[in-house]
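A short write-up of the structure that comes next.
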Amino acid sequence: MYIVVNARFLTQSVTGVQRFAMEICLKLKDSMDNIEFVTPSNVMQQEVFNALDAKIVGKRHGHLWEQIDLPQYLRKKGNPLLINLANTAPLFYKNKVVTIHDVAYKVFPQTYPKSFLMFYSFIIPRLLHGAKHVITVSEFSKSEICKFYGVLNDKVSVVYNAVSESFTPKPTVDGQRYFLAVSSMNYRKNFIYILEAFAKYQKQGGKEALYIIGDLKNKSFKEIDLSQYKNNKQIKFLGRVSDEDLIAYYSNALAFIYPSFYEGFGIPPLEAQACGCPAICADASCLPEIFGDSVLYCNPYHASSLVEVMEILASDTNLCQSQIEEGKKNLSRYSWQKSAEQLMNVIKTYQDYD
Numbered sequence: 023m024y025i026v027v028n029a030r031f032l033t034q035s036v037t038g039v040q041r042f043a044m045e046i047c048l049k050l051k052d053s054m055d056n057i058e059f060v061t062p063s064n065v066m067q068q069e070v071f072n073a074l075d076a077k078i079v080g081k082r083h084g085h086l087w088e089q090i091d092l093p094q095y096l097r098k099k100g101n102p103l104l105i106n107l108a109n110t111a112p113l114f115y116k117n118k119v120v121t122i123h124d125v126a127y128k129v130f131p132q133t134y135p136k137s138f139l140m141f142y143s144f145i146i147p148r149l150l151h152g153a154k155h156v157i158t159v160s161e162f163s164k165s166e167i168c169k170f171y172g173v174l175n176d177k178v179s180v181v182y183n184a185v186s187e188s189f190t191p192k193p194t195v196d197g198q199r200y201f202l203a204v205s206s207m208n209y210r211k212n213f214i215y216i217l218e219a220f221a222k223y224q225k226q227g228g229k230e231a232l233y234i235i236g237d238l239k240n241k242s243f244k245e246i247d248l249s250q251y252k253n254n255k256q257i258k259f260l261g262r263v264s265d266e267d268l269i270a271y272y273s274n275a276l277a278f279i280y281p282s283f284y285e286g287f288g289i290p291p292l293e294a295q296a297c298g299c300p301a302i303c304a305d306a307s308c309l310p311e312i313f314g315d316s317v318l319y320c321n322p323y324h325a326s327s328l329v330e331v332m333e334i335l336a337s338d339t340n341l342c343q344s345q346i347e348e349g350k351k352n353l354s355r356y357s358w359q360k361s362a363e364q365l366m367n368v369i370k371t372y373q374d375y376d
């Protein structure tokens with residue numbers, strides 16, 4: 023019996039969810055026979071589409087394709103096991119495995135549009151209870167899914183994220199010492215905390231700069247009064263950057279700062295570690311699980327906690343080097359091949375079920 027993967031993610035912009043799906047599928051393609059990747063026609067990720075030898079089915083796009091065209095196609099093919107990797111799936115198709123990356127919308131509902139909350143409040147519990155099995159990306163997310171939705175523990179398996187092989191150290195000539203942060207429009211990313219902590223760090227004599235990557239047109243910036251920070255010569259707002267530039271910024275930073283209140287996995291600090299950059303993470307949600315002793319932690323509710331860690335790293339080159347080495351060890355725990363093998367174990371369990 024062959025397997026079908028819902029590759030609707032190929033029609034979407036790439037965030038962590040789509041990256042997970044694409045990287046896993048590329049490994050599945052190399053490792054499994056009788057696997058097919060199907061998608062609507064409005065493909066955005068053409069290179070991955072070609073690498074997967076994906077197939078366009080149906081005439082609709084978006085949710086309508088997923089709820090109507092995809093199930094119709096599957097029924098014509100004898101109801102094969104359907105693998106869904108990007109938080110949504112056809113509701114009324116029973117022979118499926120679904121992936122839910124986190125339940126941040128339950129914990130921080132105020133940070134999501136009402137239409138999104140209404141849709142997820144309707145579809146997620148039905149997907150979780152209607153699927154043969156559920157995939158998520160950390161033990162923390164697994165516990166949250168079970169807690170909020172009453173899903174049995176043995177119905178959920180963890181398949182970790184990993185980092186693209188392109189993320190490797192790219193050090194340049196010595197330049198300005200800086201801390202690095204990547205912004206997001208979501209309140210739970212705790213962006214303003216970084217600015218507040220850096221202002222305190224400066225007042226206490228910190229000489230390093232703060233580089234911030236993120237689109238200034240994003241909601242996160244519009245809702246924050248940045249005037250006092252834009253005039254600060256030690257803070258550089260870099261806007262959106264390419265992966266190539268991001269790798270360079272990671273590789274040359276004194277440390278990467280990630281004070282998020284809530285994550286399902288937390289890929290950016292792992293990217294930093296892949297580029298030889300120490301990371302400072304919030305002591306919250308999944309981050310201690312994913313990073314263990316390989317990062318330094320701060321209290322995401324008290325900026326002085328981050329200031330203290332920044333001061334320690336800025337003054338202790340031996341600690342920086344040891345954190346880089348710990349990061350390498352931590353990185354070895356995760357790979358897309360390992361993740362694909364974890365998913366294949368789930369597939370083998372359910373692929374022969376009717």
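Residue numbers (the numbering used here): 23 to 376.
Note that the Cβ used here is the ideal one computed from N, Cα and C, for glycine as well.
In this text, all values refer to a predicted model and were calculated from it rather than measured experimentally.
Residues bridged to residue i (per DSSP)
i: Phe-31; result: For Phe-31, which the question treats as bridged, DSSP gives no partner whatsoever.
i: Glu-156; result: Reading the sequence as shown, one finds Val at residue 156 and not Glu. Val-156 pairs with Val-120 and Val-178.
i: Tyr-233; result: Leu-202 and Lys-258
i: Ala-106; result: Reading off the sequence shown, one finds Asn at residue 106, where the question assumed Ala. Asn-28.
i: Ile-214; result: Bridge partners of Ile-214: none, in fact.
Beta-carbon gap between residue i and residue j smaller than 8 Å
i: Ile-369; j: Ile-46; result: no
i: Val-178; j: Lys-154; result: no
i: Ile-157; j: Ser-205; result: no
i: Ile-289; j: Val-185; result: yes
i: Ser-361; j: Val-181; result: yes
i: Pro-300; j: Ala-325; result: no
i: Leu-150; j: Ile-167; result: yes
i: Ser-63; j: Lys-192; result: no
i: Leu-96; j: Leu-86; result: no
i: Ala-203; j: Leu-232; result: yes
i: Asn-117; j: Phe-287; result: no
i: Pro-281; j: Tyr-372; result: no
i: Phe-59; j: Val-159; result: no
i: Asp-91; j: Lys-99; result: no
Nearest neighbour of residue i, chosen from the options [CA to CA]
i: Asp-124; options: Asn-117, Gln-359, Phe-283 and Tyr-319; result: Phe-283
i: Phe-313; options: Tyr-209, Pro-322, Ala-325 and Glu-293; result: Glu-293
i: Val-36; options: Gln-364, Asn-101, Leu-86 and Ala-108; result: Ala-108
i: Ser-354; options: Glu-330, Thr-371, Ala-296 and Met-332; result: Ala-296
i: Ile-269; options: Ala-362, Phe-189 and Val-317; result: Phe-189
i: Ser-327; options: Glu-161, Asp-196, Lys-222 and Tyr-251; result: Lys-222
i: Pro-310; options: Trp-358, His-85, Asn-183 and Phe-162; result: Phe-162
i: Glu-330; options: Tyr-171, Gln-343, Ser-344 and Ile-279; result: Ile-279
i: Thr-61; options: Phe-31, Asp-55 and Phe-42; result: Phe-31
i: Lys-77; options: Val-27, Leu-48 and Leu-50; result: Val-27
i: Glu-333; options: Arg-199, Ser-307 and Gln-359; result: Arg-199
i: Met-366; options: Gln-94, Gly-84, Cys-342 and Ile-57; result: Ile-57
i: Tyr-115; options: Pro-102, Phe-170 and Gln-68; result: Pro-102
i: Asp-176; options: Lys-164, Leu-48 and Ser-316; result: Lys-164
i: Arg-129; options: Glu-88, Arg-210 and Asn-72; result: The residue asked about is misnamed: residue 129 is Val in this sequence, not Arg. Comparing Cα-Cα distances from Val-129 to each of Glu-88, Arg-210 and Asn-72, the minimum goes to Arg-210.
i: Pro-131; options: Glu-266, Asn-208 and Lys-49; result: Asn-208
i: Asn-321; options: Phe-201, Lys-252, Gln-345 and Ala-219; result: Ala-219
Residue i - DSSP class collapsed to helix/strand/coil
i: Glu-311; result: helix
i: Cys-299; result: coil
i: Phe-59; result: strand
i: Ala-304; result: strand
i: Ala-203; result: strand
i: Lys-77; result: strand
i: Tyr-319; result: strand
i: Leu-113; result: coil
i: Tyr-134; result: coil
i: Ser-242; result: Per-residue confidence for Ser-242 stands at a pLDDT of 48, beneath the threshold of 50, marking its modelled position as unreliable; the derived number appears in the next sentence. Ser-242: helix per DSSP, three-state reduction.
i: Phe-189; result: coil
i: Phe-278; result: strand
i: Tyr-372; result: helix
i: Ala-336; result: helix
i: Tyr-284; result: coil
i: Met-66; result: coil
i: Val-39; result: helix
i: Asp-52; result: helix
i: Arg-355; result: coil
i: Ala-184; result: coil
i: Arg-89; result: The sequence given here has Gln at residue 89, not Arg. Correct three-state label for Gln-89: helix.
i: Arg-82; result: coil
i: Gly-228; result: coil
i: His-151; result: helix
i: Gly-100; result: coil
Nearest-angstrom beta carbon gap, residue j and residue i [assumed within contact, 8 Å]
i: Asp-338; j: Tyr-319; result: In fact, because the Cβ distance is near 16 Å, the residues do not count as touching under 8 Å.
i: Ala-11; j: Gly-228; result: For residue 11 there is no data in the structure shown, the boundaries of the chain being 23 and 376.
i: Thr-33; j: Val-79; result: Actually they are not in contact, since the Cβ atoms of Thr-33 and Val-79 sit about 12 Å apart, beyond 8 Å.
i: Ser-316; j: Glu-348; result: 4 Å
i: Ala-73; j: Leu-48; result: 6 Å
C-beta neighbour in chain C for residue i, strict 8 Å
i: Thr-110; result: Looking at the structure shown, chain C is missing, and only one protein chain is on hand.
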